[in-house]
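Each number in my numbering comes from the position in the sequence shown (counting from 1) with 306 added on.
All residues carry an ideal CB built from backbone N, CA and C; glycine is no exception.
What follows is one structure encoded as structure tokens, with my remarks underneath.
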Amino acid sequence: MTGLPDTLAAAPESERSAQQKFVCPACGGEAQWHPGKQALLCAYCGTESPYQIEDAGGEILEHDLVAALKAVPQSARGLQQARRQVRCQHCQAISFFSAEQQGRRCDFCGSTALLPFDEGLDVIRPQSLLPFKVAEPDARNRLRQWYGSRFWAPNALKHRALTDTLQGVYLPYWTFDAHGAAHYTAEAGTFYRDSQNKQQVRWRPVSGQVAHRFDDTLVCGSRGVHPALMRAIEPFPTTSELQAYDASYLSGWTVERYALDLAGAAQQGRERMLQGLRQLCAQDIAADTHRNLQLDARFDEQTFKHVLLPVWLVSYQYGAKTFQAVVNGYSGQVAGEYPKSWVKIALAVLLGLVLLAVFASLEQ
């Protein structure tokens with residue numbers, strides 16, 4: 307195999323329709339995808355327009371990773387959407403904005419330093435996406451509850467309208483499948499008590515084999531959202547709920563272009579699969595403990611997908627630092643960063659010292 311399957315090389319009809327606006331049948335205004343109603347909703351008159359997703363041939367396909375790394379045809383590159391592409395000069399995130407989104411800030415860091423950016427030929431089109439399921443009001447409530455439960459945050463933070471900067475964005479993800487197998491060697495340890503009743507370890511050499519089928523190992527290709535936050539709100543149900551790419555899902559939403567390319571993402575995916583095999587090897591060792599675990603691993607039948615996943619994002623500045631909070635646009639899982647109150651920390655330390663002093667005096 308020297309290239310990608312025809313299903314990836316050929317642009318579906320729904321991608322060509324992305325160059326069109328979705329018109330409200332009542333007033334002629336632009337209709338946008340509403341996650342709560344799972345329909346197109348006119349922002350001007352409120353008319354709801356159920357959109358029929360055309361079956362473009364059906365199933366979500368996995369694509370051969372080795373073939374893709376060798377050569378991705380030009381026909382499989384570029385999003386082919388009527389959107390302008392800009393790069394933030396502060397956080398370097400590359401976003402696709404609709405033609406009507408003028409003079410806005412970066413959704414990821416709030417900077418206004420946005421410059422036009424040429425797409426080039428290195429963008430592999432997503433073939434599927436996970437539509438927003440969590441509506442904006444629900445996302446705001448979840449964020450307010452999350453902020454309210456942060457004990458160490460400054461009191462002023464809880465009263466600020468941080469959710470005013472809430473943005474819905476589709477983030478680029480890579481998913482990787484592979485059949486992994488590994489032969490391992492290690493030293494297994496068994497605890498025992500010596501003649502003085504001290505715990506000791508008796509070591510012995512062990513070896514074995516493990517195998518596992520990895521399905522949709524996720525690697526985020528975003529530069530705009532902090533990686534630790536994305537890991538905290540995973541997983542996304544990419545094995546069961548993905549929809550074939552259709553332009554209507556993106557109507558009214560910002561789409562981030564991937565900053566981590568296929569080669570770099572494949573390396574990260576392999577490292578995560580290798581870590582998974584290492585954990586399986588450790589579980590396979592029948593002992594109290596182990597050391598010097600060595601693996602000889604291989605991966606076969608490697609495939610990948612490029613998908614878009616939904617996230618609600620708040621980016622705000624407190625003092626001199628920028629913080630982010632995110633909501634999984636499908637499951638509602640929340641993760642975030644927040645400043646710590648030095649006053650609360652100082653009081654806690656002072657209280658700890660007082661308690662230590664009291665206990666010391668009681669012992670005396």
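Helix, strand or coil at residue i [DSSP, three-state]
i	result
F665	helix
V651	Going by the sequence as given, residue 651 is Ile instead of Val. Helix, per DSSP.
Y555	helix
I539	helix
Q646	Correcting the residue type first, residue 646 is Lys in the shown sequence and not Gln. Reduced to three states, the DSSP call for K646 is coil.
E577	helix
P511	strand
G409	Because the pLDDT at G409 is just 49, under 50, the model does not fix this residue reliably, and the value given afterwards should be weighed accordingly. Coil.
Q506	strand
A592	coil
Q549	strand
A565	coil
V660	helix
L435	strand
T523	strand
E360	The pLDDT assigned to E360 is 47, lower than 50, so where the model puts this residue is not dependable, and the model offers no usable value.
S323	Reliability of the predicted coordinates at S323 is poor, the pLDDT of 35 falling under 50, and the value obtained from them is presented with this limitation in mind. Helix, per DSSP.
Q670	coil
Opening and closing residue of the alpha helix (DSSP H) in which residue i lies
i	result
W452	E442 to G454
Endpoints, the beta strand (DSSP E) within which residue i is located
i	result
R604	T595 to Y624
H485	Q473 to R499
H465	H465 -> not in any beta strand (DSSP E); alpha helix (DSSP H) instead, spanning N461 to H465.
K627	K627 to N634
E562	T560 to E562
Own chain residues within Cβ distance below 6 angstroms of residue i, not counting five before or after
i	result
V617	V475, L477, V632 and G635
L583	G486, A488 and A603
S323	Residue placement at S323 cannot be trusted, given a pLDDT of 35 that sits under 50; what the coordinates show is reported in the next sentence. Contacts found: A553.
D606	H485
M536	C526
Close-in-space but distant-in-sequence residues of the same chain around residue i (CB under 7 angstroms, 5 per side omitted)
i	result
D292	The requested residue 292 does not occur in the structure, where the chain is confined to residues 307 to 670.
R448	V633, G638 and V640
Y498	Q506 and R508
A538	A641
L586	V516 and H518
T469	R446, L449, R450 and V620
T523	T481, F482, G575, R578 and M579
Buried or exposed (CB count within 10 angstroms, at least 16 for buried), residue i
i	result
I651	exposed
S455	exposed
F482	buried
H297	Only positions 307 to 670 of the chain appear in the structure, and residue 297 is not among them; the question remains open.
G575	buried
L659	exposed
G558	buried
P341	buried
D552	buried
L661	exposed
L385	At L385, the pLDDT of 46 sits below 50, so the modelled position is not reliable; the number obtained from the coordinates is stated separately. Buried is the call here.
A550	buried
L615	buried
G527	buried
G530	buried
S434	buried
T544	buried
V613	buried
Proximal residues to residue i (C-beta, below 8 angstroms), its chain only, five neighbours per side dropped
i	result
E547	L436 and Y636
E493	W509, R510, P511, V512, H596, R597 and N598
F629	S621, Y622, Q623, G642, E643, Y644 and P645
S647	W458, A459, P460 and N461
L463	Y453, R456, Y624, Y644 and P645
C514	Residue identity check: residue 514 is Gly in the sequence provided, not Cys. Excluding positions up to five away in sequence, the list reads H489, Y490, C587, D590 and I591.
Does the structure place the segment 485-501 close enough to the segment 602-613 that three or more beta carbon pairs sit under 8 angstroms? Note that the segment 602-613 touches the segment 485-501; at least 3 beta-carbon pairs, one per stretch, sit closer than 8 angstroms.
Would the segment 450-465 and the segment 641-649 be scored as touching if the rule is three or more Cβ pairs under 8 angstroms? The segment 450-465, when compared against the segment 641-649, does touch it at the 8 angstroms Cβ threshold.
Counting beta carbon pairs with one atom in the segment 563-574 and one in the segment 655-669, are three or more of them shorter than 8 angstroms? Between the segment 655-669 and the segment 563-574 there are fewer than three inter-stretch CB-CB distances shorter than 8 angstroms, so the stretches are not counted as touching.
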